[in-house]
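A.B. asks:
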Amino acid sequence: MQYLVSVIDDRINPGRDDREPLISAFNERLIAAGHWVFAGGLADTSAATVVDNRGEEPMLTDGPFVESKEFLAGVWIWEAPDLDVALELATEASQVCARKIEVRPFL
Amino acid sequence: MNDADDAVARAHRTEWARLVGTLARRFGDLDVAEEAAAEAFATAVARWPVDGIPRNPAAWLTTTAQRKAVDRIRRESKRDAKHEEARMLHDDSPPEPHGAVDDDRLRLVFTCCHPALAMPSRVALTLRLVGGLTVPEIARAFLVQEGAIGQRITRAKAKIKAARIPYRVPSADDLPARVTGVLAVLYLVFNEGYLASGPGTDPVRQDLTAEAIRLARLLHGLLPDDGEVAGLLALMLLTEARRPARVEGGELIALDGQDRGAWDAGLIAEGHRLVRERLVAAAAGVAPGRYQILAAINAVHTSARETRDTDWSQVVALYDQLARLDPSPVVTLNRAIAVAELDGPEVALALVDRLAPALDDYHPYHATRADLLRRLGRVDEAPAAYDRALDLIGNAAEAAVLTRRRDALP
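If you're matching them up, the sequences are chains E and R in order. If you're matching positions, the first sequence starts at 1 in this note's numbering and goes up one per residue. If you're matching positions, the second sequence starts at 1001 in this note's numbering and goes up one per residue.
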């Protein structure tokens, strides 16, 4: 079972920025335990471009598809046997990243 | 009701949760389990009056329900062969070496009360899958539209499946926290029954209190060594025991005005027995949790033949113990009510007034203040406190008694 694990940042109350070493160590543990599938941090939402080619002409829009105070700062994909295992890891991840974490199953 | 109907009703009470639990483990799907169990009982309603009551109703129901489940999966697999085949092979029930207790009903309870589900979903799912209440019964109990309850249950089951919420008793490490979550669900059901909040409902909903007690008994049977489960069951029993004396002429009767002769002696004896067992455990060094302390407080009240015989110093001591575990303003308020009996209303009012910032939206705070002011003869201040309580109140019988007290002020 794979879960998309989103790291949620908050413009009003941003998390701390000194987390790199802790996150690296956490990733090592994810790999060692066989949970790690993918991880990646994201550039600021201002670097996003939205493409819409549902109409006659493709439309490009500068910026994220939705402006909000909370935004996606990075993602993991984890392999876990069930939600309890994923939630336990997410509890740890939230502390390590000093941010909120959303856990969502893939279909 | 004839014998067969009676037998179906009895089997429903005793076998429903076990049946759903077994099917859920065997087929790895709560939807299939719920429908197959419901179909098995529907078949029993039709067959038992004709064929006679089976010698072993539980076995008959299990066999029938399993056949229904297999039929349904076969039917669906014609539509979506690969997917359904995969599901049938997906056995989610390895023997859990880390599981503290092994019982299908217990797995079912922990799955329905999983912390990843919203509280209203946990309540609805538990009443449906563990309690065996129908969707219309649950909707009526919580004064919610049937469609809304149905949707809540459907969504919760869909999340359990999609996110793979495990069908498992938590490991010993996680067990206390998860049991606390289950008890919160049962206590919510009980309290909604004991002090119904809807404007058009009976002030006490016995259907809900009885169901909560039944589920608490089930959980106590499954986890007999868990002190907090025993504590919550005792608390419910000792509270329910006072129900016959609690409402009179549409008014809620406070503890001191109740006809103690009308209390249910059987429930009190059972509750006291549980509290005594926990006292023995506490003496052996097992620290009691909040439900055990609340049960002990209720044991003190139900031990007094008359209100004036109440051992208030014991009640205050128990609230002190509770406040160490849970230093919340609500606990402080309840402690102050006991202090009023021990040290007088003036001492209590000083404690209560300090809670204003935290409890301004909590009607018992204003109701307590109003009564303390009344007892102190501060009749110029009491009406405003009664009015504020009445603005916030949801229970009709409780509103009636406060209105009368306010209007009786000189």
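Idealized CB from N, CA, C, for every residue including glycine. This structure is a prediction, so every number in the text was calculated from the model and none was measured.
Shortest alpha-carbon distance to R:Gly1231 belongs to which of R:Gly1289, R:Ala1338, R:Asp1174 and R:Arg1178?
C.D. replies: Ranking R:Gly1289, R:Ala1338, R:Asp1174 and R:Arg1178 by Cα distance to R:Gly1231 puts R:Gly1289 first.
A.B. asks: So, for R:Leu1402: in the same chain, excluding its five sequence neighbours on each side, which residues have a beta-carbon less than 8 Å away from its beta-carbon?
C.D. replies: Excluding residues within five positions, the ones whose Cβ falls inside 8 Å are Ala1367, Ala1370, Tyr1386, Ala1389, Leu1390 and Ile1393.
A.B. asks: Name the two residues that bound the continuous alpha helix (DSSP H) containing R:Gly1021.
C.D. replies: Asp1003 to Phe1027 is the span of the alpha helix (DSSP H), which, as asked, contains R:Gly1021.
A.B. asks: Taking only the alpha-carbon atoms, compute the straight-line gap between R:Phe1110 and E:Met1 and give it to the nearest angstrom.
C.D. replies: Whole-angstrom Cα-Cα distance: 21 Å.
A.B. asks: Let's see if you can read the secondary structure: which residues bound the alpha helix (DSSP H) around E:Ser94?
C.D. replies: Counting along the chain, the alpha helix (DSSP H) containing E:Ser94 begins and ends at Leu83 to Cys97.
A.B. asks: Going straight from the alpha carbon of E:Val66 to that of R:Ser1121, what length do you get?
C.D. replies: Near 29 Å, if we compare the C-alpha coordinates of R:Ser1121 and E:Val66.
A.B. asks: At the level of alpha carbons, what is the spacing between E:Leu22 and R:Leu1333?
C.D. replies: Straight-line Cα distance between these residues: approximately 44 Å.
A.B. asks: Mind the definition here: the region 49-60 of chain E touches the region 78-92 of chain E only if three or more C-beta pairs lie below 8 Å; say whether that holds.
C.D. replies: Output reads no: the region 78-92 of chain E does not touch the region 49-60 of chain E.
A.B. asks: Counting only C-beta atoms, is R:Leu1175 closer than 9 Å to chain E at any point?
C.D. replies: No, R:Leu1175 does not count as interfacial toward chain E.
A.B. asks: Taking only three categories from DSSP, how would you classify R:Tyr1362?
C.D. replies: R:Tyr1362 falls in the coil class under three-state DSSP.
A.B. asks: On the DSSP letters alone, give me the boundaries of the beta strand (DSSP E) that E:Phe38 sits inside.
C.D. replies: First-last of the beta strand (DSSP E) with E:Phe38: Trp36 to Gly41.
A.B. asks: Taking Cβ-Cβ distances below 7 Å as the criterion, which residues of the region 83-104 of chain E are in contact with chain R?
C.D. replies: Correct list: Leu83, Asp84 and Leu87.
A.B. asks: Below 8 Å, how does it come out for the region 1128-1143 of chain R and the region 1062-1078 of chain R: are there three or more Cβ pairs, yes or no?
C.D. replies: They do not touch, by the three-pair rule.
A.B. asks: If I measure Cβ to Cβ from R:Ala1295 and keep anything under 6 Å in the same chain, skipping five residues before and after, which residues do I get?
C.D. replies: Excluding sequence neighbours, R:Ala1295 sits near Gly1231, Ala1234, Leu1235 and Val1275.
A.B. asks: Taking 9 Å as the cut-off, decide whether the C-beta atoms of R:Thr1126 and R:Leu1186 are in contact.
C.D. replies: Closer than 9 Å, so yes.
A.B. asks: Can you list, in chain order, the residues of the region 1106-1138 of chain R whose Cβ is nearer than 9 Å to any Cβ on chain A?
C.D. replies: Note that chain A does not occur in the displayed structure, where the protein chains are E and R.
A.B. asks: Under 9 Å between C-beta atoms, does R:Ile1165 make it to chain E?
C.D. replies: So yes, R:Ile1165 belongs to the interface.
A.B. asks: Please compile the residues from chain E whose C-beta is within a distance smaller than 7 Å of the C-beta of R:Ala1024.
C.D. replies: Within 7 Å Cβ-Cβ: nothing; R:Ala1024 doesn't reach chain E, min ~14 Å.
A.B. asks: Strictly below 8 Å CB to CB, what residues from chain E border R:Ala1162?
C.D. replies: Result: Pro105 and Leu107.
A.B. asks: Measure the alpha-carbon distance for R:Phe1142 versus R:Arg1217 and round it to whole angstroms.
C.D. replies: Their backbone Cα atoms lie some 22 Å apart in a straight line.
A.B. asks: By a C-beta neighbour count over all protein chains shown, 10 Å radius and 16 as the cutoff for buried, is E:Phe106 buried or exposed?
C.D. replies: With fewer than 16 Cβ atoms within 10 Å of its Cβ, E:Phe106 is classed as exposed.
A.B. asks: Listing by chain order, which chain R residues have their CB less than 8 Å from the CB of E:Met1?
C.D. replies: Chain R residues near E:Met1: Arg1164.
A.B. asks: From the DSSP output, which residues share a beta bridge with E:Tyr3?
C.D. replies: E:Trp78 and E:Pro105, per the DSSP bridge assignment.
A.B. asks: Among R:Arg1335, R:Lys1161, R:Asp1353 and R:Glu1015, whose alpha-carbon lies nearest the alpha-carbon of R:Ala999?
C.D. replies: Any property of residue 999 of chain R remains undetermined from this structure, which presents chain R solely from 1001 to 1410.
A.B. asks: For the beta strand (DSSP E) holding R:Val1144, just list the boundary residues, first then last.
C.D. replies: No beta strand (DSSP E) contains R:Val1144, which DSSP labels as neither H nor E.
A.B. asks: Looking at chain E, is there any beta carbon in it that lies within less than 9 Å of the beta carbon of R:Arg1168?
C.D. replies: It does: the Cβ of R:Arg1168 has a partner Cβ on chain E nearer than 9 Å.
A.B. asks: Within 10 Å of its beta-carbon, does R:Gln1292 have 16 or more other beta-carbons around it, so buried, or fewer, so exposed?
C.D. replies: By the neighbour-count rule (16 or more Cβ atoms within 10 Å), R:Gln1292 is buried.
A.B. asks: Which of helix, strand or coil does DSSP assign to E:Ala111?
C.D. replies: Shown here, chain E extends from 1 to 107; a query on residue 111 of chain E therefore has no answer.
A.B. asks: Please classify E:Ile8: does DSSP put it in a helix, a strand, or coil?
C.D. replies: Looking at E:Ile8 - three-state DSSP - the assignment turns out to be strand.
A.B. asks: Measure the alpha-carbon distance for E:Gly41 versus R:Lys1159 and round it to whole angstroms.
C.D. replies: Rounded to whole angstroms, E:Gly41 to R:Lys1159 spans 27 Å at the Cα level.
A.B. asks: Alpha carbon to alpha carbon, how far is E:Thr61 from E:Asp17? Give it in angstroms, no decimals.
C.D. replies: Their Cα atoms are separated by approximately 29 Å.
A.B. asks: Out of R:Gln1258, R:Leu1183 and R:Arg1205, state which residue places its alpha-carbon closest to the alpha-carbon of R:Glu1192.
C.D. replies: The residue with the shortest Cα to Cα distance from R:Glu1192 is R:Arg1205.
A.B. asks: Along the chain, where does the beta strand (DSSP E) containing E:Thr49 start, and where does it finish?
C.D. replies: Segment Thr49 to Asp52, the beta strand (DSSP E) holding E:Thr49.
A.B. asks: Can you name the residues that DSSP bridges to R:Leu1252?
C.D. replies: R:Val1247.
A.B. asks: Quick check: what's the CA-CA separation for R:Glu1117 versus R:Gln1258?
C.D. replies: Residue identity check: residue 1117 of chain R is Leu in the sequence provided, not Glu. When rounded, the distance between both Cα atoms is 40 Å.
A.B. asks: Should E:Asn137 be labelled buried (16 or more other beta-carbon atoms within 10 Å of its own) or exposed?
C.D. replies: Here chain E comprises residues numbered 1 to 107, so residue 137 of chain E is not present and cannot be evaluated.
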